[in-house]
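S.K.:
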Amino acid sequence: MGKDRHTQPSARERILDAAGALFYREGFHAVGIDTIIEESGSAKMTLYRHFPSKDALIAAYLERVDDNFWRWIDGLVAGIDRPVDKITAVFEGISALASSPEFLGCSFQMAALEFPAQEHQAHQIARAHKETFRERMREWAGQAGLREPEALANALLILMDGAWVAARVYGPQNPSRDVADAAKALVDAHQRQ
Numbered sequence: 000m001g002k003d004r005h006t007q008p009s010a011r012e013r014i015l016d017a018a019g020a021l022f023y024r025e026g027f028h029a030v031g032i033d034t035i036i037e038e039s040g041s042a043k044m045t046l047y048r049h050f051p052s053k054d055a056l057i058a059a060y061l062e063r064v065d066d067n068f069w070r071w072i073d074g075l076v077a078g079i080d081r082p083v084d085k086i087t088a089v090f091e092g093i094s095a096l097a098s099s100p101e102f103l104g105c106s107f108q109m110a111a112l113e114f115p116a117q118e119h120q121a122h123q124i125a126r127a128h129k130e131t132f133r134e135r136m137r138e139w140a141g142q143a144g145l146r147e148p149e150a151l152a153n154a155l156l157i158l159m160d161g162a163w164v165a166a167r168v169y170g171p172q173n174p175s176r177d178v179a180d181a182a183k184a185l186v187d188a189h190q191r192q
């Protein structure tokens, strides 16, 4: 049975919402558990019942961001048949998002920077997210018959990540407004002659 839209979010969701907003704005290390408890209106025991550690809370936040990202990507390409057009739609979406005043950059980049150890769960989730994006680009490039789909996918990943960094550094008025044109130029360079 579906959730009634007037239903209050669960304690777990309130904690995740509060923690997510704080992590995204201030960073993972800068935000303490007490601040999350205060912002979420939850008791410490409630937080630890749902998330046995801060690392578990960070992992749940990153998994939620990953799910939202892929829903967003799926929405951008819904109804588009040609793989090249899917790549174009994704980078037009990236350009628009990176220019949004609410956008503060990539949570996965932040996680990889704040947790540089490759074996840390947050770093692993960040890497898996980037690998999935790269694989999706490689798949579409291959379906489109483009040359060197692996190299193109690598370049598109770097291009996307550059747009995310530009958004964090410059704010809404950043160079990423041209990222869709840059992606198109990369795709055109990989067209078979």
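Counting from 1, position 41 in the sequence shown corresponds to residue 40 in numbering that gives the first Met the number 0; the numbering is continuous, with no gaps.
For glycine and all other residues, C-beta sits at the position ideal for the given N, C-alpha and C.
What span of residues does the alpha helix (DSSP H) with T45 cover, start to end?
M.R.: Position 46 of the sequence shown, counting from 1, holds the residue named residue 45. Note, T45: alpha helix (DSSP H), 43-49.
S.K.: Which residues in the same chain as A58 place their Cβ atom closer than 7 angstroms to its Cβ, once the five residues preceding and following it in sequence are excluded?
M.R.: Numbered from its first residue, the sequence shown carries residue 58 at position 59. The residues are Q120, A121, I124.
S.K.: Under the three-state reduction of DSSP, which class applies to T34: helix, strand or coil?
M.R.: The residue you call residue 34 lines up with position 35 of the sequence shown. Three-state DSSP puts T34 in a helix.
S.K.: To the nearest angstrom, report how far apart M0 and P148 are at their CA atoms.
M.R.: Walking along the sequence shown from the start, residue 0 turns up at place 1. Walking along the sequence shown from the start, residue 148 turns up at place 149. Only weak support exists for where M0 lies, its pLDDT of 41 falling under 50; the coordinates are left without a value.
S.K.: Using a 10 Å radius around the Cβ and a threshold of 16 neighbouring Cβ atoms, would you call R135 buried or exposed?
M.R.: Start at 1 with the first residue of the sequence shown, and residue 135 comes out as number 136. Buried, by the Cβ-count rule.
S.K.: Quick one: measure Cβ to Cβ for A10 and T45, integer angstroms, because I've assumed they're closer than 8 angstroms.
M.R.: Within the sequence shown, residue 10 is the residue found at index 11, counting from 1. Within the sequence shown, residue 45 is the residue found at index 46, counting from 1. Right, the Cβ-Cβ distance comes to about 5 angstroms (below 8 angstroms), so this counts as a contact.
S.K.: What does a CB cutoff of less than 7 angstroms around E38 pick up in its chain, not counting 5 residues either side in sequence?
M.R.: If you number the sequence shown from 1, residue 38 lands on position 39. Here the set comprises A17, L21.
S.K.: May I ask you to report which of helix, strand or coil DSSP gives G1?
M.R.: Sequence index remark: in the sequence shown, residue 1 carries index 2 (1-based). A caution first: G1 carries a pLDDT of 48, below 50, which makes its placement in the model too unreliable to give a value.
S.K.: So, helix, strand or coil for E138, using DSSP?
M.R.: If you number the sequence shown from 1, residue 138 lands on position 139. Helix at E138.
S.K.: Can you tell me where the alpha helix (DSSP H) holding Q108 begins and where it ends?
M.R.: For the purposes of this step, residue 108 is taken as the residue at position 109 of the sequence shown. Unbroken alpha helix (DSSP H) run through Q108: 106-113.
S.K.: Pop quiz: V164 and I93 are said to be a contact at Cβ under 8 angstroms. What is the actual Cβ separation, rounded to whole angstroms?
M.R.: Within the sequence shown, numbered from 1, the residue matching residue 164 stands at position 165. Within the sequence shown, numbered from 1, the residue matching residue 93 stands at position 94. Their Cβ separation, rounded to whole angstroms, is 12 angstroms, which puts V164 and I93 out of contact at 8 angstroms.
S.K.: Can you check which of these residues, L151, T6, V89, is closest to F68 by C-alpha distance?
M.R.: If you number the sequence shown from 1, residue 68 lands on position 69. Ranking L151, T6, V89 by Cα distance to F68 puts V89 first.
S.K.: In the DSSP assignment, the alpha helix (DSSP H) including D180 goes from what residue to what residue?
M.R.: Taking the first residue of the sequence shown as 1, we reach residue 180 at position 181. 178-188 is the span of the alpha helix (DSSP H), which, as asked, contains D180.
S.K.: May I ask which residues mark the beginning and end of the alpha helix (DSSP H) holding L145?
M.R.: In the sequence shown, the residue the question calls residue 145 occupies position 146. Looking at the DSSP string, L145 is not in any alpha helix (DSSP H), and its letter there is neither H nor E.
S.K.: Hey, how far is the Cα of K85 from the Cα of I79?
M.R.: The residue you call residue 85 lines up with position 86 of the sequence shown. The residue you call residue 79 lines up with position 80 of the sequence shown. Between K85 and I79, the C-alpha separation is close to 6 angstroms.
S.K.: Output needed for L185: all residues of its chain with C-beta closer than 8 angstroms, excluding positions within five of it in sequence on either side, in chain order.
M.R.: To locate residue 185, count along the sequence shown from 1; it is residue 186. If we look at L185 and ignore the five residues flanking it on each side, its Cβ neighbours are L151, A154, L155, L158.
S.K.: Is it the case that the Cβ atoms of H28 and E130 are separated by a distance below 8 angstroms?
M.R.: Within the sequence shown, numbered from 1, the residue matching residue 28 stands at position 29. Within the sequence shown, numbered from 1, the residue matching residue 130 stands at position 131. Contact flag unset, no.
S.K.: Helix, strand or coil, according to DSSP, for D16 in the structure here?
M.R.: On the sequence shown, position 17 is the one that residue 16 refers to. Helix.
S.K.: Excluding sequence positions up to five away, which residues of its chain have a Cβ less than 8 angstroms from the Cβ of P115?
M.R.: As a working note, residue 115 is residue 116 in the sequence shown. Excluding residues within five positions, the ones whose Cβ falls inside 8 angstroms are H122.
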